[in-house]
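Numbered per the working numbering, the sequence shown finishes at 210, counting up by one with no gaps.
Just so you know, even glycine gets a beta-carbon here, dropped at the ideal spot from N, CA and C.
None of these values were measured; they are calculated from a predicted model.
In what follows, a structure is listed as structure tokens, so that the remarks can point back to it.
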Amino acid sequence: MFNNRLLAISTNPGGIAGGGITGGTSILVNVGAVHTDGVDAAFTLHFGRAFSLYNAASYNLSKYQSDYTSTATGIGAATGTCIGGYLVTAGVVPTCGKQLPGTPKWMNKTVATLDLGPIEVQMIGDYVGRRFATFTNDASVSSYFLTSLRLAAKVPDGATPLRKLEISLNVTNLFDKTGVSTLSIGSATNSYSAYPIAPRQWFLTVSAAY
Numbered sequence: 001m002f003n004n005r006l007l008a009i010s011t012n013p014g015g016i017a018g019g020g021i022t023g024g025t026s027i028l029v030n031v032g033a034v035h036t037d038g039v040d041a042a043f044t045l046h047f048g049r050a051f052s053l054y055n056a057a058s059y060n061l062s063k064y065q066s067d068y069t070s071t072a073t074g075i076g077a078a079t080g081t082c083i084g085g086y087l088v089t090a091g092v093v094p095t096c097g098k099q100l101p102g103t104p105k106w107m108n109k110t111v112a113t114l115d116l117g118p119i120e121v122q123m124i125g126d127y128v129g130r131r132f133a134t135f136t137n138d139a140s141v142s143s144y145f146l147t148s149l150r151l152a153a154k155v156p157d158g159a160t161p162l163r164k165l166e167i168s169l170n171v172t173n174l175f176d177k178t179g180v181s182t183l184s185i186g187s188a189t190n191s192y193s194a195y196p197i198a199p200r201q202w203f204l205t206v207s208a209a210y
């Protein structure tokens, strides 16, 4: 758990803070505590010298412990209440018991590596679970699973004047999946900004050492 969470609240006049009236400023306000339960686990399996499988999983359940007030006429602060629901009522934002936005409960990373001496093949899978996109959890974005590929070839020693030479091909988002990569969260309800997952990209890298 961590206490005394700070949040920037707009001081724009009229209605709920953050209403978009030009010229307002923001102040940092103590909006209460967050309780987190979580666990991380990872393992690597080796099948002979050539093949290995790495897997890491992360579980994170982080919840607000109080609602907070964001009325423009007051400074704003944790209220100590837990009114529930999704609607901002009389300036009180019902965040108590809600998951932190932008933070998935589950994440997983898998790496399969085939090492054949001068040739290395690597498949990488990244899973990101569903994420809430507002403080009241009334909007969310779907989970996604992305796959990447790496092919690397080492030039044998003595074949060039260089001490080391490696050529690698990296492909991100191998199957060209679509979805939300990054969330920009600044609203209690209704709206959020999102940035898409980058399309499939290819990178050719040459690494050399003298």
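Original post:
Going by C-alpha distance, which of Cys96, Tyr64, Ala90 is nearest Ile83?
Top reply: Cys96
Subject >> Residue closest to Tyr210, alpha-carbon to alpha-carbon, out of Asp37, Lys177, Glu166, Ala8 >> reply: Glu166
Original post:
Is the beta carbon of Ala211 less than 9 Å from the beta carbon of Ser168?
Top reply: A query on residue 211 cannot be resolved here, the shown segment of the chain reaching from 1 to 210 and no further.
Subject >> beta strand (DSSP E) runs wholly inside the segment 107-177, at least 3 long, in chain order >> reply: 119-128, 144-154, 164-172
**OP:** Could you tell me whether the Cβ atoms of Pro199 and Asn170 are closer together than 9 Å?
**Re:** no
Subject >> Cα-Cα separation, Leu87 to Tyr144 >> reply: Approximately 28 Å, taken between the alpha carbons.
Original post:
Where Ser52 and Lys164 are concerned, what is the direct C-alpha to C-alpha distance, given to the nearest angstrom?
Top reply: 24 Å
**OP:** Let me know if Gln99 comes out buried or exposed under the rule of 16 or more other beta-carbons within 10 Å of its beta-carbon.
**Re:** buried
**OP:** Please state if the CB of Ala194 and the CB of Ala133 are separated by a distance shorter than 9 Å.
**Re:** Yes.
Subject >> Three-way DSSP call (helix, strand, coil) for Ser181 in this model >> reply: strand
Subject >> Unbroken beta strand (DSSP E) run spanning Gln65, endpoints >> reply: Note, Gln65: premise wrong, no beta strand (DSSP E); not H, not E.
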